[in-house]
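In our numbering, the protein residues as written are 342 to 600. All C-beta atoms, glycine included, are put in the ideal place defined by N, C-alpha and C. The structure displayed is predicted, hence computed values, not measured ones.
Below you can see the structure in the form of structure tokens.
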């Protein structure tokens with residue numbers, strides 16, 4: 342039956358594991374295939390055409406090799422570049438993208454000032470700029486492109502992660518709860534939640550950190566329910582596929598998901 346088939350989840354590397362973690366919590370009886378395109382990472386510092394081509398190729402691979410019943414694009418840059426193309430090409434397939442959680446952040450902020458940390462590819466995309474424009478009356482946003490941070494998290498280089506987090510949070514000036522200060526920080530790349538402890542250490546307990554895993558997982562459940570594709574009896578297995586190091590992917594899955 343169609344509902345017994347796995348869900349495909351892909352990212353440029355291990356960042357999408359933060360989305361997979363939320364999906365497995367929301368949908369414990371679903372089976373998954375996780376595709377890490379680490380051999381072509383990082384997406385956020387490459388051109389939109391390259392990211393679109395990789396996204397389309399991965400979708401075809403997941404459909405042909407694993408007969409997936411739905412696709413979660415667990416990468417902000419790939420969503421911005423290619424989610425519309427994936428939906429146009431695979432009209433029968435539920436395709437769920439991710440985007441920086443600026444809407445929830447605008448609803449959460451008390452000061453009306455929000456910082457968005459993301460890749461250059463995400464921040465300059467037309468999709469993100471349109472989303473930001475739709476919220477211009479709800480909050481003011483400071484955008485910080487975080488070159489190299491996804492790659493440092495990918496390599497689990499803690500010294501580099503701390504240094505880059507320190508550099509980019511320094512660009513988010515005036516953090517606090519007073520009028521005109523930034524009280525909410527959007528982790529606008531699926532890699533960045535794996536550095537949330539470092540951000541918290543640098544920024545203190547009062548700033549709100551917002552990520553996208555849970556909203557994506559809830560939207561995935563809604564779409565599967567609408568199409569009668571929920572699997573009530575799957576075992577929650579994950580199959581792994583990567584264009585990079587399988588050992589590195591397994592280490593990351595063990596470190597961050599306990600798998």
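Decide if residue i is buried, meaning its Cβ has at least 16 other Cβ atoms within 10 Å, or exposed.
{"i": "residue 376", "result": "buried"}
{"i": "residue 535", "result": "buried"}
{"i": "residue 391", "result": "exposed"}
{"i": "residue 507", "result": "exposed"}
{"i": "residue 401", "result": "exposed"}
For residue i and residue j, I'd like the C-alpha separation in whole angstroms.
{"i": "residue 545", "j": "residue 515", "result": "13 angstroms"}
{"i": "residue 397", "j": "residue 423", "result": "8 angstroms"}
{"i": "residue 561", "j": "residue 348", "result": "10 angstroms"}
{"i": "residue 451", "j": "residue 518", "result": "8 angstroms"}
{"i": "residue 462", "j": "residue 399", "result": "19 angstroms"}
{"i": "residue 361", "j": "residue 438", "result": "13 angstroms"}
{"i": "residue 559", "j": "residue 510", "result": "30 angstroms"}
{"i": "residue 421", "j": "residue 468", "result": "6 angstroms"}
{"i": "residue 490", "j": "residue 442", "result": "18 angstroms"}
Taking residue i as part of the beta strand (DSSP E), name the residues at either end of that continuous run.
{"i": "residue 475", "result": "Counting along the chain, residue 475 falls outside any beta strand (DSSP E), though it belongs to the alpha helix (DSSP H) covering 467-475."}
{"i": "residue 486", "result": "481-486"}
{"i": "residue 381", "result": "Run containing residue 381: none; DSSP gives neither H nor E here."}
{"i": "residue 579", "result": "579-583"}
For residue i, decide whether its Cβ has a neighbour in chain C, counting only Cβ atoms nearer than 8 angstroms.
{"i": "residue 466", "result": "In the structure shown, chain C does not exist; there is a single protein chain."}
What are the boundary residues of the alpha helix (DSSP H) that includes residue i?
{"i": "residue 358", "result": "358-367"}
{"i": "residue 602", "result": "No answer is possible for residue 602: it lies beyond the span of the chain, which begins at 342 and ends at 600."}
{"i": "residue 401", "result": "389-407"}
(Q) For the structure I just gave you, are there three or more beta carbon pairs, one from the region 401-412 and one from the region 353-368, closer than 8 angstroms? (A) Judged by Cβ distances under 8 angstroms, the region 401-412 makes no contact with the region 353-368, as fewer than three pairs qualify.
Q) Taking three-plus beta-carbon pairs below 8 angstroms as touching, is the region 438-451 in contact with the region 387-407? A) Verdict: no, contact absent.
Q) Pairing CB atoms from the region 367-387 with CB atoms from the region 571-586, are three or more of them under 8 angstroms? A) As far as the Cβ criterion goes, the region 367-387 touches the region 571-586, which means the pair count is three or higher.
Q.
Ignoring anything shorter than 3 residues, give me the beta strand (DSSP E) runs that lie fully in the region 496-558, in order along the chain.
A. Listed in chain order, the complete beta strand (DSSP E) runs (minimum 3 residues) inside the region 496-558 are 525-528, 549-551.
Q | Inter-stretch contact at 8 angstroms, needing at least 3 Cβ pairs: the region 538-557 / the region 512-528 | A | Judged by Cβ distances under 8 angstroms, the region 538-557 makes contact with the region 512-528, as three or more pairs qualify.
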